[in-house]
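Trainee:
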Amino acid sequence: MMLAMFFLAAGVAVLGALGVLLCRNPIHSALGLVATMVSLAVVYLLHHAEFIFVIQLMVYAGAVMGLIVFVIMLLDIRREEAASSRFAPGKVVGVGLAGLFFVAILVPFTSRLTGRMGGMTESALERIGSVQYLSDQLFGPYLLPFEIASILLLVGLVGAVTLAKKKL
Amino acid sequence: MLQNYIPILILFLLAAGFGLGVVVISMFLGPRRPDPSKLSTYECGMEVEPGARQRFDVKYYLVFMAFLVFDVEVVFMYPWAVRFQKLGLFGFVEMLIFLLILLVGYVYIWRKGVLEWE
Amino acid sequence: MNFQMADLQLLAPHIVVLATALLVLLAEAFCKGERKGYLAYLGIAGIVVAALLTPRLFGPQRLGFSGMLAGDGFAAFFYFILYAVGILTLLVSQNYLRDERFEHGEYYALVLLALVGMMLMAGATHLMVVFLALETMSIAIYALAGYFRTERSVEASLKYFILGGFASGFLLYGIALIYGACGTTQIYDVMAYFKALPALTSSPMALAGIGLLTVGFGFKVAAVPFHAWTPDVYQGAPTSVTAFMATGVKAAAFSAFLRVFVVAFQGTHVEWSGVLWVLALLTMTLGNLTAIAQTDVKRMLAYSSIAHAGYLLVGLVVGTPEASSAMMVYLLAYAFMNIGAFACVIMVGRYGQENTSLDAYAGIGFRFPALGLAMAVFMFSMAGIPPTAGFIGKFLIFKAAVHEGYYWLTILGVLNSAASVYYYLRVIITMYFKPSPDEPAVDGLRVGPSAALATVLAGVGVLYLGIIPGGIIKLAEQAVRFMG
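Residue numbers (the working numbering), protein chains in the order written: chain V, 1 to 168; chain C, 1001 to 1118; chain R, 2001 to 2484.
(1) Cα separation between Val-2535 of chain R and Thr-2410 of chain R?
(2) According to DSSP, what are the bridge partners of Gly-2071 of chain R?
(3) Does any C-beta atom of chain C lie closer than 9 Å to the C-beta of Leu-40 of chain V?
(4) With the cut-off set at 9 Å, would you say Arg-2035 of chain R and Glu-2100 of chain R are in Cβ contact?
(5) Specify, as a first and last residue, the run of the alpha helix (DSSP H) that Met-2431 of chain R falls within.
(6) Under the assumption that Pro-2204 of chain R contacts Ser-111 of chain V (Cβ atoms under 8 Å), give the Cβ distance between them as a whole number of angstroms.
(7) For my contact list, Phe-2482 of chain R and Phe-2074 of chain R are in at a C-beta cut-off of 8 Å; report their separation, rounded to the angstrom.
(8) When you compare the CB positions of Gly-2086 of chain R and Glu-2028 of chain R, do they come within less than 9 Å of one another, or not?
(9) Are the CB atoms of Ile-2187 of chain R and Arg-2259 of chain R nearer to each other than 9 Å?
(10) Quick one: give me the first and last residue of the alpha helix (DSSP H) that Asn-25 of chain V is part of.
(11) What number of angstroms, rounded off, separates the C-alpha of Val-2215 of chain R from the C-alpha of Ala-2167 of chain R?
(12) Can you tell me which of the three DSSP states His-2308 of chain R falls into?
(13) Between Asn-2355 of chain R and the rest of its own chain, which residues show a CB-CB distance below 7 Å, the 5 nearest in sequence each way excluded?
(14) So what does DSSP say about Gln-1085 of chain C, is it helix, strand or coil?
(15) Where do the ends of the alpha helix (DSSP H) carrying Thr-2239 of chain R lie?
(16) Using DSSP bridges, identify the partner residues of Arg-2350 of chain R.
(17) So which residues of chain V does Tyr-2142 of chain R contact, with C-beta pairs closer than 7 Å?
(18) Is it true that the CB of Leu-2011 of chain R sits closer than 9 Å to the CB of Pro-108 of chain V?
(19) Between the alpha carbons of Tyr-2079 of chain R and Ala-1016 of chain C, how many angstroms are there, rounded?
(20) Could you tell me the boundaries of the alpha helix (DSSP H) in which Ser-2187 of chain R lies?
(21) Tell me which same chain residues have a C-beta within less than 8 Å of the C-beta of Ala-82 of chain V, skipping the five on either side of it?
(22) Spatial neighbours of Ala-2196 of chain R within its chain, please: CB distance less than 6 Å, with the 5 preceding and 5 following residues excluded, ordered by chain position.
(23) For a contact meaning CB atoms closer than 8 Å, what does Glu-2106 of chain R contact in chain V?
(24) With a cut-off of 8 Å, do at least 3 Cβ pairs link the stretch 150-158 of chain V to the stretch 2139-2152 of chain R?
(25) For the stretch 2004-2030 of chain R, which residues have a CB atom closer than 8 Å to at least one CB atom of chain C, in sequence order?
(26) Sorted by chain position, which residues of the same chain lie with C-beta nearer than 7 Å to Trp-2277 of chain R's C-beta, five sequence neighbours on each side aside?
(27) Below 7 Å between beta carbons is the criterion; list the residues of the stretch 1104-1117 of chain C that meet it against any residue of chain R, in chain order.
(28) So Phe-1098 of chain C and Phe-1064 of chain C are supposed to be a Cβ contact under 8 Å. How far apart are they, rounded?
(29) Spell out the partners DSSP gives His-2126 of chain R in its beta bridges.
(30) By how many angstroms is the C-alpha of His-2014 of chain R removed from the C-alpha of Ile-2210 of chain R?
(31) Tell me, please, which residues DSSP counts as bridged to Asp-1035 of chain C.
(32) With distances taken from CA atoms, which of R:Tyr-2406, R:Ala-2479, R:Gly-2067 is nearest Ser-2324 of chain R?
(33) Measure how close the beta-carbons of Ala-2264 of chain R and Gly-2287 of chain R come, nearest whole angstrom, since I'm counting them as under 8 Å.
(34) Taking the runs of the alpha helix (DSSP H) that are 4 residues or longer, which of them lie wholly in the stretch 2002-2065 of chain R?
(35) For Pro-141 of chain V, decide whether its Cβ has a neighbour in chain R, counting only Cβ atoms nearer than 9 Å.
(36) To which residues of the same chain is Tyr-1005 of chain C closer than 8 Å at the C-beta, ignoring the five residues directly before and after it?
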């Protein structure tokens, strides 16, 4: 049952990603990306990462996708559609390299995992996935990355204003 | 644990089924006799100019970017609230520093007039 | 709770610089007026305070924040390089932005925030902190590159952003694979895990992780074949930002590159040094050969910065403490000579006209003797001619390479260095021996007290490191000893 759910979600994620690449209309591509984000959220849930599941839906499928749609609307789409799909040697090389990279990232999974084995039982996963555990970790050992995250958000805000505000 | 999510799955299937079902049913049952005035965007004789596909103002981007930043900020507050009692004063100070850094960003965009719709 | 008050000592310099950035941001929001150039001096004051807090970190290694941030000589040395970069950049920018009539506090705030990111990269001992710090730095730089809003400036920003986002993805995936292979992302734990489990050095997952990290860092230091963005971004960005990118980002990226590869992956040195050997050679050669063909000084300096990344990679290939300390001295020298050279490039231009083509430099050596002298010193240093800092840096790196038996790499490096003399000297020859045209493109220099001060400071730095480098070299050697 779990395995079937996983393959269903993973399949939709791949289909959505293909849709992002192949759709001619950018808004359709964005919808494909939503499908990918939502099915990734399901995959997270199957790994007992409940909090990440919710975040994935709220922040990625919700807020980030909204931003992407806005950015698409900022651009003049009609002109973009005209200039595309022409054969170029660069594209062939690009596709070849991408294929090579795809094979390269599959190689690691031909060997067995060398990390700490045996710790990830069902009950341990359930504990680790909980918000309480995440909270203890985030506000305990991981406090430095947590505070850096706020600096990162601030930089994003100031950077966006610097680049996009009409009158600085 | 995952059993808890079965109601959500059922709700999701219901919602998707309803959305799809309505479209499919009306496709089969509804009579279709299209004519130019019915196919126009609004059936009141006005042509829509210049169409929906025009460039939006970059102001939208700025407002959305600000929303996104503070959205992520709130996401961090959720696990903190769940463990508020146990984290105690230390966790409170941590969150205070986090909020303070972003508060400066908020004051900055407020004073800069990013939130105003010129 | 695994936090002690003593941990804050390790973070004190970062906190001071961050607080200064926040102050600058608030000053921009609350102070009236269009001209905010004085905020540069506020930034410099903040950096000076941070610099006063840093010498305490010089000493045996202390880890804080659950082993995520180091306070050791290695970090402290890099902090000082970054302070030098920060102060010189702010001085140069102040003059430049006033002349371009685009003085806003955001610029200075972003420079300081990028500096915080760079400092965190130098101190990080945890791959997650490395990643977050790298992103903080990068996003600030993306925005700075597009600061002028001209077509080229925005194009530079967009190119850097898209390719940089892609490279960050590689880095993050590499970190994930390392976590999969080792079960930890703390740098010293990764090192211990590789030691405890020798079979790991042939695990495809660990090797793929190391490979992806190489791509991520290689992009940030502009190593061939991840350099394609460099010329356009360096040329299109505001010149002061180019100087900041070429020196600050390079120093920060190499600090993390060093700590991750030389410490965490020391067990797999045989594996990764072979790959980096090729990268170092390609980077040096391609950077120098393409630089020779350039007729635009700013673009030439962009390619030369690729070549310098190649020399630095030689130090990383060697991977001994001697080579690491050589790289640190080199990066300090590079900060002085590169910002100095860009300061001269700024002075030659004027509002709305950058004057970066080599033809504009014809004859300005005699018409503006001080500028000619300064530019000549920086060009000599970049070419590695004694008695300048550039010579000391190259000498130390190649010495370390010879000690470890990398003869071929050294020979090819020295040949490259000889080839580079051609295009650096061409600038000097154009300045002094080409007659200036009847209507010279440069009829005056845009020089203010701050830019002049920056150029003098950089020049003094270059000559000090070139003539009496003993103290700094000793400091770098001590710093590496504490790296662990």
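C-beta atoms are modelled at their ideal positions from N, C-alpha and C, and glycine is treated no differently. All figures in this text were calculated on a predicted structure; none of them were measured in a lab.
Mentor: From the atom records:
(1) Since the first and last residues shown for chain R are 2001 and 2484, residue 2535 of chain R lies out of range.
(2) In the DSSP output, where bridge partners are listed per residue, Gly-2071 of chain R has R:Arg-2062.
(3) Closer than 9 Å: no.
(4) no
(5) 2407-2433
(6) Sure, about 5 Å apart at Cβ, within 8 Å.
(7) 6 Å
(8) no
(9) yes
(10) It is not in any alpha helix (DSSP H) - Asn-25 of chain V carries neither H nor E in the DSSP assignment.
(11) Going by C-alpha positions, Val-2215 of chain R is about 7 Å away from Ala-2167 of chain R.
(12) helix
(13) Val-2348, Gly-2349, Ala-2441, Val-2442
(14) helix
(15) 2239-2244
(16) Arg-2350 of chain R is bridged to R:Gln-2353.
(17) Gly-159
(18) no
(19) 56 Å
(20) The residue you asked about is not Ser; residue 2187 of chain R is Ile in the sequence shown. Counting along the chain, the alpha helix (DSSP H) containing Ile-2187 of chain R begins and ends at 2187-2196.
(21) Note that Ala-82 of chain V scores 49 on pLDDT, short of 50, meaning its location in the model is unreliable; the coordinates nonetheless yield the value given after this. So the list is empty, once near-sequence residues are dropped.
(22) Result list for Ala-2196 of chain R: empty, nothing under 6 Å.
(23) Val-158, Val-161, Thr-162, Leu-168
(24) Between the stretch 150-158 of chain V and the stretch 2139-2152 of chain R, the count of Cβ pairs shorter than 8 Å is three or higher; the stretches touch.
(25) Leu-2018, Leu-2022, Leu-2025, Leu-2026, Glu-2028, Ala-2029, Phe-2030
(26) Apart from the 5 residues on each side of it in sequence, Trp-2277 of chain R sits with its Cβ closer than 7 Å to the Cβ of Val-2317, Leu-2409 in its chain, given in chain order.
(27) Going along the stretch 1104-1117 of chain C in chain order, one finds Val-1104, Val-1107, Tyr-1108, Arg-1111, Lys-1112 with a Cβ nearer than 7 Å to chain R.
(28) No, Phe-1098 of chain C and Phe-1064 of chain C are not in contact; Cβ-Cβ is about 22 Å, not under 8 Å.
(29) R:Gln-2186
(30) 29 Å
(31) Answer is none; Asp-1035 of chain C lacks a bridge partner.
(32) R:Ala-2479
(33) Their Cβ separation, rounded to whole angstroms, is 28 Å, which puts Ala-2264 of chain R and Gly-2287 of chain R out of contact at 8 Å.
(34) The qualifying runs are 2007-2030, 2039-2053.
(35) yes
(36) For Tyr-1005 of chain C, where only same-chain residues beyond five positions count, there are no Cβ hits under 8 Å.
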